[in-house]
Amino acid sequence: MKMAIKPLCLLFLSVLLFRLASAQLKLPGTGNPDIRNALEKVIGDYPKEFSNLRGEVINTNPQTIEYESLLPFKSAEKNIIIQYSGKTPVYSWQAHMFSAEEFEVATKKYKSLYGQLKGMNLKLNRDYDYSLSGEYDKPSESKKFSSSVFRLLPNASNLPKVKVELSMQYEFP
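Numbering (numbering that gives the first Met the number 0), first residue to last: 0 to 172.
Next up, the structure:
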């Protein structure tokens, strides 16, 4: 069954990071090395508020500042860093992985990316090994949004708020 869905977007790896918070993140050993390398760099730069990855400001509004990401990430269509305003700055790194107009195509890609992330091993700061653990949120045409959230195992006491989120969202015309 085909649906006219425009655009069907798959958002990937929304890593929310809070200042003074710690979190763990690892990617499966058999997963895409480009994804693994990107996540290791992003999580490694988190304690420095992405200072090594933050490029020029590309958009500002009252609640957020969007920066270009200096991270070379071939698997993504684009990736950005967002700073959320507040008493304590909150940062998010996001990579847009895939767009499609067909629900079935996007669902298949979402499931494939989930499979690459689940159990992925990450080596952070050349010292600590973590793996990603998360439950699959099955997409449904009745929902506009599906999200599978991964956490680092074992728990990283110095990175407790880091999470990796794989999400699929779609809009009806």
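We treat Cβ as the ideally placed atom computed from N, Cα and C, and that holds for glycine.
When DSSP assignments are scanned along the segment 57-125, the uninterrupted stretches of alpha helix (DSSP H) that are 4 or more residues long and fall wholly within it turn out to be 102-116. If you draw a straight line from the Cα of residue 66 to the Cα of residue 111, it is about 28 Å long.
Note on residue 44: 16 or more other CB atoms within 10 angstroms of its CB, so buried under the neighbour-count rule. Of all alpha-carbon atoms in 101, 105 and 80, the one lying nearest the alpha-carbon of residue 94 is that of 80. Comparing C-alpha distances from residue 169 to each of 153, 141, 150 and 161 shows the shortest one belongs to 141. When the alpha-carbon of residue 155 is set against those of 132, 147 and 86, the nearest one is in 132. With the rule of 3 Cβ pairs closer than 8 Å, the segment 70-79 counts as touching the segment 92-108. In the structure shown, residue 33 falls within a helical segment according to DSSP collapsed to helix, strand and coil. Annotated three-state conformation of residue 161 is coil, per DSSP.
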